[in-house]
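What follows is a set of notes on a single structure, which appears directly below.
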Amino acid sequence: MDKKSLTAVARQQLKLAATASSGRSSSTIYGGHAHSLRQTVIALTAGQTLAEHENPGEATLVVISGVLVLISGANEWKGSAGDLIVIPNARHSVKAIDDVAFLLTVAK
Numbered sequence: 001m002d003k004k005s006l007t008a009v010a011r012q013q014l015k016l017a018a019t020a021s022s023g024r025s026s027s028t029i030y031g032g033h034a035h036s037l038r039q040t041v042i043a044l045t046a047g048q049t050l051a052e053h054e055n056p057g058e059a060t061l062v063v064i065s066g067v068l069v070l071i072s073g074a075n076e077w078k079g080s081a082g083d084l085i086v087i088p089n090a091r092h093s094v095k096a097i098d099d100v101a102f103l104l105t106v107a108k
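Under full-length UniProt numbering, the first residue of the sequence shown carries the number 1, and numbering increases by one thereafter.
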């Protein structure tokens with residue numbers, strides 16, 4: 001069994017994002033391309049966006065800290081710490097309202 005603190009990983013990724021020219025950082029904490037399940041902690045500094053992209057499979061995000069908006073077409077979902085958002089099976093983007101860290105879970 002492997003145990004990780006999402007709070008600690010999020011804190012570390014937020015520090016890395018703050019110094020990155022892109023304003024973002026991520027770390028896959030479980031799975032990967034060879035697995036059907038992948039979990040990644042992603043951090044974005046306030047105002048940064050993950051550009052619109054396809055949904056690679058069933059996916060959710062859980063906001064660990066901060067506030068974000070998930071945008072898909074004309075639909076928007078605001079999320080803050082503790083919120084779970086089911087990512088639509090459509091093109092979408094994510095915008096950080098505050099410095100934000102979230103757990104992205106994707107099942108292919």
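Note that CB positions come from ideal geometry on N, CA and C, so glycine has one too.
Option nearest residue i by Cα separation, candidates the options
i      : options                       : result
Asp2   : Ala10, Ala74 and Gly31        : Gly31
Gln48  : Gly57, His33 and Leu68        : Leu68
Glu76  : Leu14, Ser93, Val9 and Ala8   : Ser93
Ala43  : Lys78, Lys4 and Thr19         : Thr19
Val100 : Ala107, Lys4 and Ala17        : Ala17
Gly82  : Lys4, Phe102, Arg91 and Glu58 : Phe102
Thr105 : Lys95, Arg91, Ile85 and Ala96 : Ile85
Arg91  : Lys78, Thr28, Leu70 and Ser80 : Leu70
Val62  : Ser80, Leu37 and Lys4         : Ser80
Ile29  : Lys4, Lys15 and Gly23         : Lys4
Ala59  : Leu37, Ala74 and Lys78        : Leu37
Whole-number beta carbon distance between residue j and residue i, since they are thought to touch under 8 angstroms
i           : j     : result
residue 119 : Ser72 : The requested residue 119 is not part of the displayed model; the chain covers only 1 to 108.
Gly66       : Ala96 : 7 angstroms
Beta carbon of residue i nearer than 8 angstroms to that of residue j
i      : j     : result
Ser25  : Gln39 : no
Asp98  : Ala51 : no
Ala107 : Ile64 : no
Ser27  : Val41 : yes
Item to complete: Jot down the residue ranges of each uninterrupted alpha helix (DSSP H) in the UniProt domain "Cupin type-2" (43-101), minimum 4 residues, whole runs only, in chain order.
Response: none
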